[in-house]
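Protein chains: 2
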Amino acid sequence: MLGLLLEHEKPVTRPFLAAASGLSRPTVFAAIQQLEKRGLVRAVGQQSGAPGRSATLYEVPEEAGSLAAVDIGGSNLRVVLTDLRGTLVAEQHQPTARPGGPAIVAQATELLRSTLLSSRLAAIPLHTIAVSVPGVLSHDGRTVSYASNIDQFEPFDFHTPFADAFHVPVVLDNNVNLAAMGERWRGVARELSTFAVVAVGAGIGAGIVHEGRVMRGAHGAAGEVAFLPPFGKRRKVDARAHDEAGGLSLLHDARSRPGWAGEPPTTVEDLFRRAAAGEKPAVALVEEECARIASVVASIGAIIDPEAVVLTGGVGDNDQLIARAAHLTEAMIPFPPSVIRSGLGDRASVIGAVYLAAQSARLELMEGPAG
Amino acid sequence: MLGLLLEHEKPVTRPFLAAASGLSRPTVFAAIQQLEKRGLVRAVGQQSGAPGRSATLYEVPEEAGSLAAVDIGGSNLRVVLTDLRGTLVAEQHQPTARPGGPAIVAQATELLRSTLLSSRLAAIPLHTIAVSVPGVLSHDGRTVSYASNIDQFEPFDFHTPFADAFHVPVVLDNNVNLAAMGERWRGVARELSTFAVVAVGAGIGAGIVHEGRVMRGAHGAAGEVAFLPPFGKRRKVDARAHDEAGGLSLLHDARSRPGWAGEPPTTVEDLFRRAAAGEKPAVALVEEECARIASVVASIGAIIDPEAVVLTGGVGDNDQLIARAAHLTEAMIPFPPSVIRSGLGDRASVIGAVYLAAQSARLELMEGPAG
DNA sequence: CTCCATTTGTTAGGCAACTTGCTTATTGAA
DNA sequence: TTCAATAAGCAAGTTGCCTAACAAATGGAG
């Protein structure tokens, strides 16, 4: 019942909920009464137009509680505040000031606090915080290892600082996994149950969803496509890196090559522009990158056979590259997935974190009467 | 309730069932009464030893119904008959006489009929038939395509012949997927929730299980590891082939190489024996095959990160090869799965089919009262 | 403006599935 | 032989849902 109410943007009527849930009207009416008593639901008007008595409209009001999502990326911190339904109320982002787990977490809690205070949600109880972290989560869901793109090389507890600062439930998950959940919730993977998000930036990493469930793997290393055989040893990789400025190693490669007309490119956009203009080293570099990406996509295709692969990240979020990589993939396997561009771009991970927070909050709220 | 009874080899008491199901004793007692009325459960004695009144033991009797599993392999047909619990009652196998779908299915129904008649289950109602088929299943679960290792190149309906001959529910699934389910149920993957079975025979194919669910993919092509980039175009592959005599292309490769001391090897065993003895072409060929397998295992590892990879098939079911492939895999990815040998060998697919039949029958039986 | 088909809102009663709590029947061991 | 322990069976009570019936409101037809 509560679940159905949370899923709908617009207010809904009780008869509608009865039809949608398969329960009888008396049952639904009783449930709504309970929820109203708990402050989780409120009548917000009448539905009119159709013949017959007009039905009362209900929704989960903003005052019922708020959710926070934090994305700790390699170069940007993002904070999103929403109501319990996941409807955006406030959003802020800023560059990460200093690297290293402790400093970044302090910066993140500070940004979250200030965003919260300056929003209209300040007086409303914060229900859950979801944090998108760059690295492999330990089994207890609190400690993060291999967070190399924030220069945090020791395992570090990202959970406690948030829990201590806000005294609410805190849930963590990996950057790329959350990007996948985000694309599934509000992005281009809305209709898909099995797909992969491949983030190409400083390194390359994939978040894979199988029948609606994120694949994690025995060591939390599912989707570590940087280690796929053909290219596994070729370059120093930052596993799962999802650097938003992105493309660092690609630009590094660029600098070490001869034949540029003038300066080597300093941004990914510049590189692609010069490739489109036919500048030889740019064309070669882009073609190599496309081949590498196509090889990863083909490998995922041969093993998972997903409905689609979503490309994103500083390098991956480029139409030219996506089209070329898709074309190369089609030549490699007989049942290629469709290769599509991210619908959420840089914000996929925070949006995924909002979804995670909403799910987590929902589970707790459903414990109570008339869940 | 019925589920719990079917899962236990030995008879169990009602208080035990109450504890295991979390229900109260009166509820369990009533359910057992219902099931006894339907003939699905029978009292078979008393439990004694402990202080206190002795409890009545119950089990699902053989007369409650039987299950049939058929494995249509490239070189062997296998039939297994069991009771509703999946306990083996009769097993037969014979070489496939003529290739091609129609002939093989006729041979299979005939073998099933004769096995059934000569077993003590002849008078007991057959409940479900599960068929393991070599190829990709269509979406309706009845028609099989790409069954190249039984020389069936057109899509062919494997469902109707069995349904018409026995007038009971028929369920189909792919060879390798069922091998994975078999290993999970009664083989080496009993404790695992995410793992892969890699069958190396005429071709190479994988059955992948993620959190207990078989991965199928958007085109039913999940696990088609023959198409993985480094080797995808190297050899003519029979997708998903799980040839029990196995290793055809490996032996073909052998024949086309120079330097053999005498005749080239004609069996996989011979090849491995001669490699162990240090014969140059054999050593080189085995090493190449191990590298190819390691590359597949590493790719699966990098994408899925399974707890283990089970090797099987005519070529894969060899300790020497498994050890070498495992070693090579460890050098390729930093979080290698354990590589283990099949626990069921050739019989994995039939055993998996028994499991499928048991699951399917269980679902139907649970529809009735006191499921 | 009135009536009416239609749909919402509410109340009453009932049923299925499961409980708890109690009594009775056995059983092994002191 | 008696007793603690456990199983078996019975009698309410609880929960979560349902159907059935009716009262209240509404837009449109006449």
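Protein sequence lines correspond, in order, to chains H and V.
Basically our numbering = 1-based index in the first sequence + 1278.
Basically our numbering = 1-based index in the second sequence + 1278.
Yeah, the Cβ is synthetic: ideal placement off N, Cα and C, and Gly gets one too.
TODO: Using a Cβ cut-off of 7 Å, pull out every chain H residue sitting near residue 1503 of chain V, in sequence order please.
DONE: Numbered from its first residue, the second sequence carries residue 1503 of chain V at position 225. Ordered by position in chain H, the residues that pass the 7 Å Cβ test against residue 1503 of chain V are 1580, 1581.
Task: Cβ-Cβ distance between residue 1577 of chain V and residue 1581 of chain H below 9 Å - done: As a position in the second sequence, residue 1577 of chain V is number 299, starting the count at 1. As a position in the first sequence, residue 1581 of chain H is number 303, starting the count at 1. Taking 9 Å as the Cβ cut-off, residue 1577 of chain V and residue 1581 of chain H qualify as a contacting pair.
Task: Between the CA atoms of residue 1540 of chain V and residue 1376 of chain V - distance to the nearest angstrom - done: By 1-based counting over the second sequence, the position of residue 1376 of chain V is 98. By 1-based counting over the second sequence, the position of residue 1540 of chain V is 262. Looking at the two C-alpha atoms, the distance is approximately 33 Å.
Open item on the list: If I follow the unbroken alpha helix (DSSP H) through residue 1281 of chain H, where does it start and stop?
Closed with: Looking up residue 1281 of chain H in the first sequence gives position 3. That run of the alpha helix (DSSP H) goes 1280 to 1285.
- [ ] Give, in chain order, every residue of the stretch 1592 to 1613 of chain H whose Cβ lies closer than 9 Å to some Cβ of chain V.
- [x] Within the stretch 1592 to 1613 of chain H, the qualifying residues are 1610, 1611, 1612, 1613.
TODO: Indicate whether the contact test is met: 3 or more Cβ pairs, each with one atom in the stretch 1596 to 1614 of chain V and one in the stretch 1307 to 1321 of chain V, closer than 8 Å.
DONE: Proximity of the stretch 1596 to 1614 of chain V to the stretch 1307 to 1321 of chain V falls short of the contact definition, fewer than three beta-carbon pairs being nearer than 8 Å.
Open item on the list: Do residue 1505 of chain V and residue 1584 of chain V have their beta-carbon atoms positioned less than 9 Å apart in this structure?
Closed with: As a working mapping, residue 1584 of chain V is identified with position 306 in the second sequence. As a working mapping, residue 1505 of chain V is identified with position 227 in the second sequence. No. Outside cutoff.
Open item on the list: Less than 9 Å between the beta carbons of residue 1639 of chain H and residue 1507 of chain H, yes or no?
Closed with: By one-based count along the first sequence, residue 1639 of chain H stands at place 361. By one-based count along the first sequence, residue 1507 of chain H stands at place 229. The answer is no: Cβ separation not under 9 Å.
TODO: May I have the straight-line CA-CA distance separating residue 1456 of chain H from residue 1485 of chain V, to the nearest angstrom?
DONE: One-based indexing of the first sequence puts residue 1456 of chain H at position 178. One-based indexing of the second sequence puts residue 1485 of chain V at position 207. Rounded to the nearest angstrom, the two C-alpha atoms are 27 Å apart.
Open item on the list: I'd like to know whether the C-beta of residue 1585 of chain V is nearer than 9 Å to at least one C-beta of chain H.
Closed with: The residue labelled residue 1585 of chain V in the question sits at position 307 within the second sequence. Yes, its Cβ sits closer than 9 Å to a Cβ of chain H.
Task: Backbone CA spacing between residue 1450 of chain H and residue 1552 of chain V [nearest angstrom] - done: As a first step, residue 1450 of chain H is located in the first sequence; it is residue number 172 there, counting from the start. As a first step, residue 1552 of chain V is located in the second sequence; it is residue number 274 there, counting from the start. The straight-line gap from Cα to Cα measures roughly 54 Å.
Open item on the list: So, for residue 1651 of chain V: in the same chain, excluding its five sequence neighbours on each side, which residues have a beta-carbon less than 7 Å away from its beta-carbon?
Closed with: Look at the range of chain V in this structure, 1279 to 1649, and you will see that residue 1651 of chain V is not part of it.
Open item on the list: Our contact map puts residue 1464 of chain H next to residue 1629 of chain H with C-beta atoms below 8 Å; I'd like the distance itself, whole angstroms only.
Closed with: The residue given as residue 1464 of chain H occupies position 186 in the first sequence. The residue given as residue 1629 of chain H occupies position 351 in the first sequence. The Cβ separation is near 5 Å, so the contact holds.
Task: DSSP beta-bridge partners of residue 1618 of chain H - done: Here residue 1618 of chain H corresponds to residue number 340 of the first sequence, with the count starting at 1. DSSP lists H/1588 as partners of residue 1618 of chain H.
TODO: Assuming residue 1392 of chain V contacts residue 1368 of chain V (C-beta within less than 8 Å), just tell me the rounded distance between them.
DONE: In the second sequence, the residue the question calls residue 1392 of chain V occupies position 114. In the second sequence, the residue the question calls residue 1368 of chain V occupies position 90. Between residue 1368 of chain V and residue 1392 of chain V the Cβ distance is about 10 Å, and since that is not below 8 Å, they are no contact.
- [ ] Note the first and the last residue of the continuous beta strand (DSSP E) segment covering residue 1484 of chain V.
- [x] In the second sequence, counting from the first residue as 1, residue 1484 of chain V sits at position 206. Taken as a continuous stretch (DSSP letters only), the beta strand (DSSP E) holding residue 1484 of chain V covers 1482 to 1488.
TODO: Given a cut-off of 9 Å, decide if residue 1306 of chain V and residue 1295 of chain V are closer than it, judged by their beta-carbon atoms.
DONE: Your numbering for residue 1295 of chain V matches position 17 in the second sequence. Your numbering for residue 1306 of chain V matches position 28 in the second sequence. Taking 9 Å as the Cβ cut-off, residue 1295 of chain V and residue 1306 of chain V qualify as a contacting pair.
Open item on the list: If the criterion is Cβ atoms closer than 9 Å, does the pair residue 1413 of chain H and residue 1400 of chain H meet it?
Closed with: Reading the first sequence from its first residue, position 135 is the one you call residue 1413 of chain H. Reading the first sequence from its first residue, position 122 is the one you call residue 1400 of chain H. Their beta carbons are not under 9 Å apart, which means residue 1413 of chain H does not touch residue 1400 of chain H by this criterion.
TODO: With distances taken Cα to Cα, identify the nearest neighbour of residue 1616 of chain V among V/1291, V/1428, V/1586.
DONE: One-based indexing of the second sequence puts residue 1616 of chain V at position 338. For the residues V/1291, V/1428, V/1586, the minimum Cα distance to residue 1616 of chain V belongs to V/1586.
Task: Bridge partner(s) assigned by DSSP for residue 1535 of chain H - done: Residue mapping note: residue 1535 of chain H aligns to position 257 of the first sequence, counting from 1. Answer is none; residue 1535 of chain H lacks a bridge partner.
- [ ] For the beta strand (DSSP E) holding residue 1405 of chain H, just list the boundary residues, first then last.
- [x] As a working mapping, residue 1405 of chain H is identified with position 127 in the first sequence. Looking at the DSSP string, the run of the beta strand (DSSP E) that includes residue 1405 of chain H is 1404 to 1411.
TODO: Pull up the distance between the alpha-carbon of residue 1603 of chain V and that of residue 1528 of chain V, whole angstroms please.
DONE: For the purposes of this step, residue 1603 of chain V is identified with residue 325 of the second sequence, where counting begins at 1. For the purposes of this step, residue 1528 of chain V is identified with residue 250 of the second sequence, where counting begins at 1. Cα-Cα distance, rounded: 16 Å.
TODO: State yes or no: is the beta carbon of residue 1618 of chain H nearer than 9 Å to at least one beta carbon in chain V?
DONE: By 1-based counting over the first sequence, the position of residue 1618 of chain H is 340. No, residue 1618 of chain H does not count as interfacial toward chain V.
Open item on the list: According to DSSP, simplified to helix, strand and coil, what is residue 1440 of chain V?
Closed with: As a working mapping, residue 1440 of chain V is identified with position 162 in the second sequence. Three-state DSSP puts residue 1440 of chain V in a helix.
Task: Residue-chain proximity (residue 1486 of chain V, chain H), Cβ-Cβ < 9 Å - done: Working through the second sequence from its first residue, we reach residue 1486 of chain V at position 208. Proximity of residue 1486 of chain V to chain H, defined by a Cβ-Cβ separation below 9 Å, is satisfied.
Task: Which of helix, strand or coil DSSP assigns to residue 1545 of chain V - done: On the second sequence, residue 1545 of chain V is found 267 positions in, with the first residue counted as 1. Residue 1545 of chain V: coil per DSSP, three-state reduction.
Open item on the list: Within a Cβ cutoff of 8 Å, which residues of the same chain sit near residue 1291 of chain V, ignoring the five residues on either side of it in sequence?
Closed with: Taking the second sequence and counting its residues from 1, one reaches residue 1291 of chain V at position 13. Answer for residue 1291 of chain V: 1325, 1333, 1334, 1335, 1336, listed in chain order.
- [ ] Return the residues of the stretch 1487 to 1501 of chain V that lie within a Cβ-Cβ distance of less than 9 Å from chain H, sorted by chain order.
- [x] When C-beta distances to chain H are compared with 9 Å, the residues of the stretch 1487 to 1501 of chain V below that value are 1488, 1489, 1491, 1493, 1494, 1495, 1496, 1497, 1498, 1499, 1500, 1501, in chain order.
Task: Proximity below 9 Å, CB of residue 1571 of chain V to CB of residue 1589 of chain V - done: Here the question's residue 1571 of chain V lines up with position 293 in the second sequence. Here the question's residue 1589 of chain V lines up with position 311 in the second sequence. It is a contact, given that the beta carbons lie within the stated cut-off.
- [ ] Express the C-alpha separation of residue 1606 of chain V and residue 1568 of chain V in angstroms, rounding to a whole number.
- [x] Residue numbering aside, residue 1568 of chain V sits at position 290 when the second sequence is read from its first letter. Residue numbering aside, residue 1606 of chain V sits at position 328 when the second sequence is read from its first letter. Computed Cα separation, rounded: 8 Å.
Task: Cut-off 8 Å between Cβ atoms - residues of its own chain near residue 1501 of chain H, not counting five sequence neighbours on either side - done: For the purposes of this step, residue 1501 of chain H is taken as residue 223 along the first sequence, with counting starting at 1. Excluding positions up to five away in sequence, the list reads 1454, 1455, 1474, 1483, 1484, 1485, 1486, 1493, 1495, 1518.
Open item on the list: Along the stretch 1399 to 1418 of chain V, where does the CB come closer than 7 Å to a CB of chain H? Name the residues.
Closed with: none
TODO: Determine, using beta carbons only, whether residue 1366 of chain H and residue 1358 of chain H come nearer to each other than 9 Å.
DONE: Here the question's residue 1366 of chain H lines up with position 88 in the first sequence. Here the question's residue 1358 of chain H lines up with position 80 in the first sequence. Going by C-beta atoms, residue 1366 of chain H is nearer than 9 Å to residue 1358 of chain H.
Task: Where residue 1472 of chain V meets chain H, residues with beta-carbon distance less than 9 Å - done: Numbered from 1 along the second sequence, position 194 holds the residue referred to as residue 1472 of chain V. Contacts between residue 1472 of chain V and chain H, judged by CB atoms closer than 9 Å, involve 1493, 1494, 1495, 1496, 1500 in chain order.
- [ ] Would you verify that the beta carbon of residue 1507 of chain H is, or is not, closer than 9 Å to some beta carbon of chain V?
- [x] Position 229 of the first sequence, counted from the first residue, corresponds to residue 1507 of chain H. Taking Cβ atoms only, chain V reaches closer than 9 Å to residue 1507 of chain H, which makes this a yes.
- [ ] Using alpha carbons as the reference points, say which of H/1353, H/1361, H/1297 lies closest to residue 1287 of chain H.
- [x] Numbered from 1 along the first sequence, position 9 holds the residue referred to as residue 1287 of chain H. For residue 1287 of chain H, the nearest C-alpha among the options comes from H/1361.
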